[in-house]
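Student: Attaching a single structure in structure tokens format; questions to follow.
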Amino acid sequence: TENQFLRRILIVFYTVYEEREMASNIGMMDSAYFVGRNEILNWINARLQLNLSKIEEAASGAVQCQMIDMTYPGVVPMHKVNFDAKSEYDMIQNYKILQDVFNKLKIEKHIEVNRLVKGRPLDNLEFLQWLKRYCDSVNGGIMNENYNPVERRSKGCKERNSRNSHKISKSLQANNSHNHGSGNGTGTNNMPGTKQGKIGRPISPAETQSLVKEITDLKLSVELLEKERDFYFAKLRDIEILCQAPELEDLPVAVAVKKILYAADAKESALSEAQDYLSQFMGAGDRNLENGH
């Protein structure tokens, strides 16, 4: 009957809700946290058809994103997940995607991103233990037979590479049109004869060595800049987490710092706005003291 049908729907709904609540509130003494790293690695490799040998290899957040995608097919925008993430910045983008999905699914789990991206084995093991416990609690841990993990990953990589190739293609087209525009009607550049002659001249070994050295120096400079960027980004992230702590987030200094962190542009107005906020608060505090006396 209709009543029995509705009753079954309510039972299923309640069961799923109860499973989510139970998985979202897994305590540190839960049996989930006594699962060994080998079992976790075997679980990941079997489900996602990967070949991880260390827990920290999952520190980028991509594995976690696909585990949730397998549990709730299609809910994770896999085309945005970067499986090649190496820098902390790229890893944080993956965890932002995962946290957004958690919020959408009403999973009350705060991700300790600043710890996970450091690649510490224990922190990553604990999060993966929780994730396994959660995934196993949904639908009894039964694997979706129609889910193809390799295809889902490759599709995301193809879309991401396609976007990058499109950008490069547009850049090359712009350069080519600029070069053609600077040439004459026959397609040859209007360059003096001496300069045209240099184009076809073979490069000497000394010049080759000099160019190789220059490229190496540039690569080192880029690596140093990336490390410096990641270092300062991690510092800003630590400050942001500190300012978001419940016992600190409403303090005037924390509010002022967040005004600077969340400014939409790089204008000086963010700093002056934060300073004005602190001045107003301090002024109000002084007036309250005077009125109290």
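Its first residue numbered 1, the sequence shown is counted upward by one per residue in full-length UniProt numbering.
Cβ coordinates follow ideal geometry from the N, Cα and C atoms, glycine included.
Treat the numbers as computed from the prediction; the structure is a model and nothing was measured.
For T186, which of helix, strand or coil comes out of DSSP?
Tutor: Residue confidence for T186 is low, a pLDDT of 46 falling below 50, so the modelled location carries little weight; the figure read from the coordinates is stated next. The answer is coil: DSSP assigns T186 none of H, G, I, E or B.
Student: Count the C-beta pairs between the stretch 92-100 and the stretch 30-47 that are closer than 8 Å, then say yes if the count reaches three, no if not.
Tutor: Touching, no, given that fewer than three Cβ pairs across the two stretches are closer than 8 Å.
Student: Where does F34 fall in DSSP's three states?
Tutor: F34 falls in the helix class under three-state DSSP.
Student: In three-state terms, what does DSSP make of V212?
Tutor: It is helical.
Student: Considering only their Cβ atoms, is the gap separating F281 from N252 smaller than 8 Å?
Tutor: Residue identity differs from the one stated: residue 252 is Pro in this sequence, not Asn. Contact flag set, yes.
Student: Locate the alpha helix (DSSP H) running through D132, then write down its first and last residues.
Tutor: At residue 132 the sequence reads Lys, which differs from the Asp that was named. Unbroken alpha helix (DSSP H) run through K132: P121 to S137.
Student: Assign R229 to one of two classes, buried (16 or more other C-beta atoms within 10 Å of its C-beta) or exposed (fewer than that).
Tutor: Result: exposed.
Student: In whole angstroms, what is the alpha-carbon distance linking K109 and L271?
Tutor: Between K109 and L271, the C-alpha separation is close to 33 Å.
Student: With a threshold of 6 Å on Cβ separation, who are the neighbours of L48 within its own chain once the five nearest residues in sequence on each side are excluded?
Tutor: Contacts found: Q66 and P149.
Student: In chain order, what residues of the same chain lie with their CB nearer than 7 Å to the CB of C243, ignoring the 5 residues before and after it?
Tutor: If we look at C243 and ignore the five residues flanking it on each side, its Cβ neighbours are E249, A254, V257 and K258.
Student: Just checking my contact of L278 with L261 at CB under 8 Å: how many whole Å lie between their CB atoms?
Tutor: That belief does not hold up - the Cβ atoms of L278 and L261 are roughly 15 Å apart, past 8 Å.
Student: Let me know if Q129 comes out buried or exposed under the rule of 16 or more other beta-carbons within 10 Å of its beta-carbon.
Tutor: Result: buried.
Student: Taking 7 Å as the cut-off, is the beta-carbon of Q49 closer than that to any non-hydrogen atom of the ligand MN?
Tutor: The ligand content of the structure shown is nil, which means the ligand MN is not present either.
Student: How many whole angstroms separate the CB atoms of A85 and A58, which I take to be in contact at a CB cut-off of 8 Å?
Tutor: Between A58 and A85 the Cβ distance is about 11 Å, and since that is not below 8 Å, they are no contact.
Student: What number of angstroms, rounded off, separates the C-alpha of Q275 from the C-alpha of I107?
Tutor: Their Cα atoms are separated by approximately 38 Å.
Student: To the nearest angstrom, report how far apart D238 and E112 are at their CA atoms.
Tutor: If I take the Cα positions, the gap works out to 11 Å.
Student: Taking the beta carbon of Y134 as the centre, do at least 16 other beta carbons fall within 10 Å, making it buried, or is it exposed?
Tutor: Burial call: buried.
Student: Answer yes or no: do E126 and Y232 have a C-beta to C-beta separation smaller than 8 Å?
Tutor: Result no, Cβ atoms of E126 and Y232 do not sit closer than 8 Å.
Student: Taking buried to mean at least 16 other C-beta atoms within 10 Å of its own C-beta, is S60 buried or exposed?
Tutor: Result: buried.
Student: Cutting at 8 Å between CB atoms, please list the residues of its own chain near S269, excluding the five before and the five after it.
Tutor: These residues qualify, in order along the chain: A263.
Student: First and last residue of the alpha helix (DSSP H) that includes I97?
Tutor: Counting along the chain, the alpha helix (DSSP H) containing I97 begins and ends at E88 to K104.
Student: Tell me which same chain residues have a C-beta within less than 6 Å of the C-beta of R152, skipping the five on either side of it?
Tutor: Result list for R152: M78, in chain order.
Student: Quick one, which of E273, R115, I68 and A46 has its alpha-carbon nearest S137's?
Tutor: Residue I68 is the option with its Cα nearest to S137.
Student: For G283, name the three-state secondary structure that DSSP assigns.
Tutor: Helix at G283.
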